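Visitor:
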Amino acid sequence: MTTLKSKLQEDLNAAIKGRDELRSSTLRLTLSAITNEEVAGKTKRDLSDDEVQKVIAREAKKRREAAEAFTQGGRTESAERELAEGEVLAVYLPKQLSDDELRQIVVQAVEEAKAAGAEGPRAMGAVMKIVNPKVAGQAEGGRVAAVVKQLLAG
Numbered sequence: 016m017t018t019l020k021s022k023l024q025e026d027l028n029a030a031i032k033g034r035d036e037l038r039s040s041t042l043r044l045t046l047s048a049i050t051n052e053e054v055a056g057k058t059k060r061d062l063s064d065d066e067v068q069k070v071i072a073r074e075a076k077k078r079r080e081a082a083e084a085f086t087q088g089g090r091t092e093s094a095e096r097e098l099a100e101g102e103v104l105a106v107y108l109p110k111q112l113s114d115d116e117l118r119q120i121v122v123q124a125v126e127e128a129k130a131a132g133a134e135g136p137r138a139m140g141a142v143m144k145i146v147n148p149k150v151a152g153q154a155e156g157g158r159v160a161a162v163v164k165q166l167l168a169g
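FYI, the numbering for the sequence shown is 16 to 169, going by this note's numbering.
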């Protein structure tokens, strides 16, 4: 078992003992998603910490999107629950880049792409190829793409 997955399991046990319903249900669902990922495909396999982190990030994103949908539908109580679950999962994810840090990385990538001959809006793919490995897990793809488009258009 990976260290991150075992940490999730230990935290789940502590949450159950402490009768923390929100934390225990969130960790149960996350561990279930990890197990589903492990058994997907033809053979069962153990996920690496990076893969476990991607599953956690995907689960956190689901919570944010659900909270947004609940808010638009006028169900603030459900939205607050989803946001609280997202905060529980955020503990297990790397710190997200600030807008300024992300912008600096993208500016460097745009300069690299221009040096390689790619310019204008068509350079989006080239810039994203440079940026994505640098920000993996630290910024959501939509945020990155928005900054790249803004800088390429400007």
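Note that the Cβ used here is the ideal one computed from N, Cα and C, for glycine as well. All of these numbers come straight from a predicted model, not from anything done at the bench.
I'd like the span of the alpha helix (DSSP H) that includes residue 70, first residue to last.
Guide: Residue 70 -> alpha helix (DSSP H) spans 64-87.
Visitor: Is the CB-CB distance between residue 166 and residue 125 below 8 Å?
Guide: Their beta carbons are under 8 Å apart, which means residue 166 touches residue 125 by this criterion.
Visitor: Give me, in chain order, the residues of the same chain whose beta-carbon lies closer than 7 Å to that of residue 26; leave out the 5 immediate sequence neighbours on both sides.
Guide: Cβ neighbours of residue 26 beyond the five flanking positions: 42.
Visitor: Can you check the region 82-146 for any alpha helix (DSSP H) of at least 4 residues that lies completely inside it and give the ranges in chain order?
Guide: Fully enclosed alpha helix (DSSP H) runs of 4 or longer: 91-105, 114-130.
Visitor: If I'm right that residue 146 touches residue 163 with Cβ under 8 Å, what's the distance once you round it to whole angstroms?
Guide: 7 Å between Cβ atoms; contact.
Visitor: Spatial neighbours of residue 93 within its chain, please: CB distance less than 7 Å, with the 5 preceding and 5 following residues excluded, ordered by chain position.
Guide: Within the same chain, residue 93 has close Cβ partners 85.
Visitor: Apart from the five residues just before and just after residue 154, which ones in its own chain have a Cβ nearer than 8 Å to its Cβ?
Guide: Cβ within range, chain order: 111, 112, 117.
Visitor: Does DSSP put residue 165 in a helix, a strand or coil?
Guide: DSSP places residue 165 in helix when its eight states are reduced to three.
Visitor: Can you tell me the Cβ-Cβ gap for residue 18 and residue 64, rounded? I've got them flagged as a contact below 8 Å.
Guide: Yes, residue 18 and residue 64 are in contact; Cβ-Cβ is about 6 Å, under 8 Å.
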